[in-house]
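The structure appears right after this line, and notes come after that.
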Amino acid sequence: MLVEIENLRVQFPTATGMSEAVRNVSLTLGQEKLGIVGESGSGKSLTARSIMRLLPSNARITADRLQFDGIDLLTADEPALRRIRGRRAGLIMQDPKYSLNPVMTAGAQIAEAWRVHRGGSRKVAAQAAIDLLAQVQIRDPARVAGSYPHELSGGMGQRVMIAMMLAPDPELLIADEPTSALDASVQAEILRLIEDLVSRRGMGLLLISHDLPLVSHFCDRVAVMYAGRIVEELPAGELTRATHPYTRGLLECLPTLSHPQRRLKVMQRDPSWLI
Amino acid sequence: MADMIDVAALFVRFGSTQAVKGISFRVAPGENFGLVGESGSGKSTVLRALSGLNADWTGHMAIAGTPLTPRRSRDFYRRVQMVFQDPYGSLHPRQTVDRLLSEPLLVHRMDNIETRIRRGLAEVALPDSMRFRYPHQLSGGQRQRVAIARALMSEPDVVLLDEPTSALDVSVQAEVLNLLADLQQARRLTYVLVSHNLAVVGHLCQRIGVMQGGELVETLTAEDLRAGRVKHPHTAALRELSVELEEPEGAHDPGLASGR
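Just so you know, the sequences run in chain order U and E.
If you want the working numbering, it's the 1-based position in the first sequence plus 728.
If you want the working numbering, it's the 1-based position in the second sequence plus 168.
Here you go:
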């Protein structure tokens, strides 16, 4: 197993005591595509970032087991974590506008990632950057390599981010709302690209999103989180058979072209979901 | 009935880029008109020219029969209001909800400020206890409700909505879309809704304009869009993608993720 999590808890100190952001989450991930879906504040991003130990400094994290490829992440020291972060587990974030360095060309940033993780001369790294840009299906990789982030569209920027993540050839890819800032058509292209790269390279994928129907097209399994817990986990193809009222609510409150409704269904939150 | 909004041959240029290339549409009073398209298609630019945020345009625009000039009257800003995508960016972070809601009333020299604020909060289903909070103390959905309440403070006829739900969770999106529909019924408002989400536009609007590269390539009814009676290939492509992705995998999936 690539990732094994058992009873993960993430807490934050507040004026009124500890607030529980992630409560007893257990999941395992192999060479497969797992979607984590939930709304803001459900703990989905914190769960994913726990795997890289990239939590805010005031977070208290406990777990019965938190392992990446057999390495205990709770006791691992910084050098050990650094050998995982970026190198063995890549992270793609939501908005390339904020995650790319605005004063470095796309090629230079990818080449930097390449050299940090793999070494080699500047020349080799620059060529590798162009190859990686070609792998993320950019038609004119040499031109994009010489462009600054502000000269790139959102979809192009996200491709650059993905190319950078691929440089060290990681085994796990964590994509945290990778397409929420993009147009619907670009969204589908980027998700298809991620799915394709992950399948071809035999990586594990953790795809975090708030869009349940969308995620189901690109994952094998989907875990639905609510208020810090996984309330339901099921194969992506069986979403229509979801039983938890929260999962059903997430599916039903979306407006659709195929099933017009006069009024949208509004989620009725049941306090018992919290227990 | 006279048109509430009349736009004819509108051009907007940014430097050497022609962002809007002569588009025309009309919206009847009480009607919802949607503008869809991808980023860069010019849909938001149309809205910004209409709202007076961009004075650099040529062509003809009129609200309720009054032609618009680059410089607008105070009455225009009372009658036409706008709601933006990100309520974090559009609400002053150091002003309480009370202050945010009273400002349009002071600008437009309106009376009964106290009653209007209470009514405004009630209308968007926010409790009175929210009145003296700051935006950072509210959730995204509550913030967007405040932005809507503020837009309605001056009793406008026209509300321009620029991606009003794209920054919200889907469950909150449903609540805000229902709220917008209710408010329109209660106040006889005219909406122009800009979004890249075809399903959202199709839900709220009777008529939809599809934009591509600064041009309005097709105008059609929501019913025609749902039934697939579309003429332009760009409309067809947007519709196909939206229909494919809105159904969860396994519903009646034609196999979107190719290569499976």
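Ideal Cβ placement from N, Cα and C applies to all residues, glycine included.
For clarity, every value in this text was computed on a predicted model and none was experimentally measured.
Check: Counting contacts by CB-CB distance shorter than 9 Å, is valine 292 (chain E) in contact with chain U?
Finding: no
Notebook entry, point to check: With distances taken from CA atoms, which of U:Gly745, U:Ser770, U:Ala857 and U:Lys851 is nearest glycine 956 (chain U)?
Noted result: Taking only the C-alpha atoms, the option nearest glycine 956 (chain U) is U:Ser770.
Margin query: Taking DSSP's pairing of strands, which residues face serine 363 (chain E) in a bridge?
Written below: Serine 363 (chain E) is bridged by DSSP to E:Val204.
Notebook entry, point to check: At a cut of 8 Å, does the region 258-266 of chain E reach the region 217-229 of chain E through at least three beta carbon pairs?
Noted result: The region 258-266 of chain E, when compared against the region 217-229 of chain E, does not touch it at the 8 Å Cβ threshold.
Margin query: For a test of the three-state rule: what should DSSP assign to lysine 761 (chain U), helix, strand or coil?
Written below: DSSP, read as helix, strand or coil, puts lysine 761 (chain U) in strand.
Check: Which residue's Cα is closest to the Cα of arginine 284 (chain E): E:Leu320, E:Glu199, E:Leu409 and E:Ser334?
Finding: E:Leu320
Next item on the list: Tell me whether glycine 205 (chain E) is buried or exposed, calling it buried when 16 or more other Cβ atoms sit within 10 Å of its Cβ.
Entry: Flag for glycine 205 (chain E) reads buried.
Next item on the list: Following the continuous alpha helix (DSSP H) through glutamine 380 (chain E), name the residue where it begins and the one where it ends.
Entry: Where glutamine 380 (chain E) is concerned, there is no enclosing alpha helix (DSSP H), although the beta strand (DSSP E) it sits in stretches over 375-380.
Next item on the list: Could you tell me whether any Cβ in chain E is nearer than 9 Å to the Cβ of glutamine 822 (chain U)?
Entry: no
Check: At a CB-CB cut-off below 8 Å, which residues of chain E make contact with aspartate 939 (chain U)?
Finding: Val338
Item checked: Which of helix, strand or coil DSSP assigns to valine 872 (chain U) -> helix
Next item on the list: Starting from valine 750 (chain U), find everything on chain E with Cβ-Cβ shorter than 8 Å and list it in chain order.
Entry: Annotation: valine 750 (chain U) has no Cβ neighbours in chain E at a cutoff of 8 Å; minimum Cβ distance is about 18 Å.
Note to self: Could you check whether the Cβ of lysine 772 (chain U) sits closer than 9 Å to any Cβ belonging to chain E?
What the structure shows: no
Check: With a cut-off of 9 Å, does the C-beta of arginine 394 (chain E) fall near any C-beta of chain U?
Finding: Chain U, which has a Cβ nearer than 9 Å to the Cβ of arginine 394 (chain E), makes this yes.
Note to self: Can you give me the C-alpha to C-alpha distance between phenylalanine 201 (chain E) and valine 731 (chain U), rounded to a whole angstrom?
What the structure shows: 49 Å
Margin query: I want to see whether chain U comes within less than 9 Å of serine 426 (chain E), judged by CB atoms only; does it?
Written below: At serine 426 (chain E) the pLDDT is 39, less than 50, meaning the model places this residue with poor confidence and gives no usable figure here.
Margin query: Please report the straight-line C-alpha distance between leucine 203 (chain E) and methionine 250 (chain E), rounded to a whole angstrom.
Written below: 15 Å
Margin query: Between valine 180 (chain E) and chain U, is the shortest Cβ-Cβ distance under 9 Å, so that the two count as touching?
Written below: Valine 180 (chain E) does not count as touching chain U.
Item checked: Within chain U, partners of alanine 342 (chain E) - CB distance below 8 Å -> Cys981, Leu982, Pro983, Leu992, Lys993, Val994 and Met995
Note to self: Output needed in chain order: residues of the region 961-976 of chain U with a Cβ under 7 Å from some Cβ in chain E.
What the structure shows: Those residues of the region 961-976 of chain U that come within reach of chain E (Cβ to Cβ, closer than 7 Å) are Ala964, Gly965, Glu966, Leu967 and Thr968.
Next item on the list: Give the single residue among U:Ser937, U:Pro983, U:Arg990 and U:Ser849 whose Cα lies nearest to the Cα of isoleucine 1055 (chain U).
Entry: There is no way to answer for residue 1055 (chain U), as the model of chain U reaches only from 729 to 1003.
Next item on the list: Look up alanine 315 (chain E) in the DSSP assignment and say whether it is helix, strand or coil.
Entry: Looking at alanine 315 (chain E) - three-state DSSP - the assignment turns out to be helix.
Next item on the list: Figure out for me which residue from E:Lys189, E:Ser212 and E:Gln341 has the closest Cα to the Cα of valine 368 (chain E).
Entry: Between valine 368 (chain E) and the set E:Lys189, E:Ser212 and E:Gln341, the nearest pair of CA atoms involves E:Gln341.
Notebook entry, point to check: Are the Cβ atoms of glycine 227 (chain E) and phenylalanine 179 (chain E) separated by less than 9 Å?
Noted result: yes
Item checked: Where the beta strand (DSSP E) containing arginine 902 (chain U) begins and where it ends -> The question names arginine, yet the displayed sequence has isoleucine at residue 902 (chain U). From DSSP, the beta strand (DSSP E) with isoleucine 902 (chain U) extends over 900-904.
Margin query: Measuring only the C-alpha atoms, how far is leucine 802 (chain U) from serine 307 (chain E)?
Written below: 32 Å
Note to self: Cβ closer than 8 Å: which chain E residues qualify as neighbours of serine 754 (chain U)?
What the structure shows: Simply none; closest approach about 24 Å.
Note to self: Classify phenylalanine 796 (chain U): buried if its beta carbon has 16 or more other beta carbons within 10 angstroms, exposed otherwise.
What the structure shows: buried
Notebook entry, point to check: Could you check where the alpha helix (DSSP H) with glutamate 271 (chain E) kicks off and where it finishes?
Noted result: 265-275
Next item on the list: Please name the residue, chosen from U:Tyr954, U:Ala891 and U:Leu934, that lies closest to alanine 853 (chain U) on a Cα-to-Cα basis.
Entry: Of the candidates U:Tyr954, U:Ala891 and U:Leu934, the one whose C-alpha sits nearest the C-alpha of alanine 853 (chain U) is U:Ala891.
Check: Taking the DSSP output, what are the residues bridged to isoleucine 820 (chain U)?
Finding: U:Ala903
Notebook entry, point to check: Can you list the residues of chain U that glycine 198 (chain E) reaches, using a CB-CB cut of under 7 Å?
Noted result: Residues of chain U passing the Cβ test: none, with the nearest at roughly 17 Å.
Next item on the list: Tell me whether asparagine 829 (chain U) is buried or exposed, calling it buried when 16 or more other Cβ atoms sit within 10 Å of its Cβ.
Entry: exposed
Checklist line | Under 9 Å between C-beta atoms of glutamate 760 (chain U) and arginine 920 (chain U) | finding: no
Check: When Cβ atoms are compared, which residues of the region 879-905 of chain U fall closer than 8 Å to chain E?
Finding: If you check each beta-carbon in the region 879-905 of chain U against every beta-carbon of chain E, the ones closer than 8 Å belong to Ser881 and Gly882.
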